[in-house]
Amino acid sequence: MPELPEIETIKRDLENIIIGKRIKDVEVKVARIIKEPSVENFIKGVQNKEIKEVLRRGKVLILKLSAQYLVIHLRMTGQIIYGDKQEKSKIVFLLSDGKYLNFLDQRVMGEIKLINDWRDLPFIKQMGPEPLDKGFSLEKFQEMLKGKKTKIKPLLMDQGFIAGIGNLYAVEILFRAKANPLRPANSLVLSEIKKIYSAIKEVLEEGIWHRGSSVDTYRDARGEKGKFEQRIRVYGRKGEPCFGCGDPIEKITLGGRGTYFCPKCQK
DNA sequence: CGGGGCTCCTGTGCGC
DNA sequence: TGCGCACAGGAGCCCC
């Protein structure tokens, strides 16, 4: 599942590959992925537009074109792969260098929009801070947690609270911080908040360093798998021995999502 | 306002 | 062995 580190990896790859190139044409094989404008206007809107910049906000990938923005959300199984045209592509952009930018998506939950300003999207407007920005300080995190009765794990996954963290990284962050996913946010004391805060930065940076995790279908912009999955401590390890104490890892459902943790190490 | 549950979607893997 | 169902989860939505 592409989360902040995976999208950031794709963003950095694409920066080196496609900036300055033009989209000559686009083939829309699955219309429902294009959320706005109409498919017809989408095609007209991207034709012969230069890719000026690649941006990321949370789990959202943004390509700045000559006038508008191409906003891409990969959701669960979306992939953006540069190179030859791929048979399974749902959307194919033909670039001015003769290569293709393929949008693939097994479960077809991804979304692409062409809009005047990405900052106007409601989902972006209500999004929480970028966890790797300097502005996301310990003090700010402390402030954000105040009065939040929500369990810490779903809270970390709430894009309105903090941007870019999904199920896998939320689970890994809490294991690193030795915090139980069920803890109400406002029950955490400063020493625990500090550990979670540090773990957020560390785990996400480690994820980027290892070019993401490919436990599902994630691939980088060149179609390669990430290596962070080798660093995973708890995700998907139900019943297997905890790397901290050897007790079996437990799996519960929280907010409908599989939540892995060690009840002994995570208090 | 918060939280639970359903929805979308399809390949995989488990149980009977 | 083969079939059928549950499961995977990001985010919008409804409802209590």
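Numbering (our numbering), first residue to last: 19 to 285.
Beta carbons are placed, not taken as given, at the ideal position from N, Cα and C, and that holds for glycine.
Between the alpha carbons of residue i and residue j, how many angstroms are there, rounded?
i	j	result
Gly-178	Ile-270	24 Å
Asp-138	Ser-209	37 Å
Gly-38	Glu-26	19 Å
Gly-276	Gly-63	40 Å
Ala-239	Val-89	16 Å
Leu-173	Ile-191	12 Å
Tyr-253	Met-19	12 Å
Gln-97	Gly-225	17 Å
Ile-80	Met-162	27 Å
Asp-102	Ala-85	27 Å
Gln-65	Ile-52	15 Å
Lys-169	Leu-222	20 Å
Lys-213	His-91	30 Å
Ile-69	Tyr-236	23 Å
Leu-112	Lys-67	11 Å
Phe-193	Pro-140	32 Å
Pro-259	Asn-134	51 Å
Glu-268	Gln-248	19 Å
Ser-232	Ala-197	25 Å
Gly-153	Glu-129	29 Å
Arg-255	Ile-61	44 Å
Gly-230	Ser-56	33 Å
Val-110	Glu-54	17 Å
Phe-279	Asp-151	27 Å
Leaving aside the five residues before and after residue i along the sequence, list all residues of the same chain whose C-beta is less than 7 Å from its C-beta, in chain order.
i	result
Ser-107	Lys-47, Asn-120, Phe-121 and Leu-122
Glu-21	Lys-77, Gly-182, Ile-183, Gly-184, Leu-186 and Tyr-187
Gly-165	Asn-204
Ile-180	Gly-146, Pro-147, Pro-149 and Leu-174
Ala-49	Val-57
Rank the options by C-alpha distance to the C-alpha of residue i and give the top, closest one.
i	options	result
Trp-136	Arg-74, Gly-165, Gly-184 and Glu-161	Arg-74
Gly-273	Pro-199, Ser-205, Phe-159 and Pro-281	Pro-199
Arg-201	Lys-171, Leu-83, Tyr-236 and Ile-218	Lys-171
Glu-105	Asp-115, Phe-246, Met-145 and Glu-45	Glu-45
Ile-211	Lys-42, Phe-111 and Phe-159	Phe-159
Leu-32	Leu-132, Lys-82 and Glu-58	Lys-82
Phe-246	Glu-220, Glu-268 and Glu-258	Glu-220
Lys-167	Met-145, Lys-131 and Leu-206	Leu-206
Glu-286	Arg-125, Gln-124 and Lys-29	In the structure as shown, the chain starts at 19 and stops at 285, and residue 286 therefore has no counterpart that could be examined.
Ile-250	Asp-151, Glu-242 and His-228	His-228
Pro-23	Gly-244, Glu-58, Arg-255 and Asn-34	Gly-244
Arg-125	Phe-261, Asp-234, Gly-241 and Phe-279	Asp-234
Asn-59	Lys-131, Asp-151 and Ile-142	Lys-131
Gln-284	Glu-242, Gly-241 and Val-189	Val-189
Based on the DSSP output, what are the partners of residue i in its beta bridges?
i	result
Met-91	Just to set this straight, residue 91 is His in the shown sequence, not Met. Answer is Val-78 and Glu-129.
Gly-244	None; Gly-244 has no bridge partner.
Leu-112	Asp-43 and Tyr-118
Pro-266	Pro-259
Leu-73	Ile-80
Gln-97	Leu-122
Gly-146	Bridge partners of Gly-146: none, in fact.
Lys-106	Paired residue(s): none; Lys-106 is not in a bridge.
Gly-276	Thr-271
Lys-37	Sequence inspection shows Ile at residue 37; the Lys mentioned does not correspond to that position. Looking at the DSSP assignment, Ile-37 forms no beta bridge with any residue, so it has no partner.
Ile-52	Ile-130
Lys-67	Ile-41
Lys-169	Pro-202
Considering only residues of the same chain and omitting the five flanking positions on each side of residue i, which have a CB-CB separation below 6 Å?
i	result
Lys-282	Cys-263 and Asp-265
Leu-156	Tyr-215
Ser-114	Lys-39, Arg-40 and Lys-42
Ala-195	Lys-213, Ile-214 and Ala-217
Gly-257	Pro-266
Met-127	Arg-93 and Met-94
Ile-36	Ile-69
Gln-144	Gly-178
Phe-261	Arg-251
Take residue i and list the residues in its own chain whose beta-carbon comes closer than 8 Å to its own, dropping the five residues that flank it on each side.
i	result
Lys-117	Tyr-100, Gly-101 and Asp-102
**Prompt:** Which runs of the alpha helix (DSSP H) fall wholly inside the region 187-262 and span at least 4 residues, in chain order?
**Reply:** 208-227
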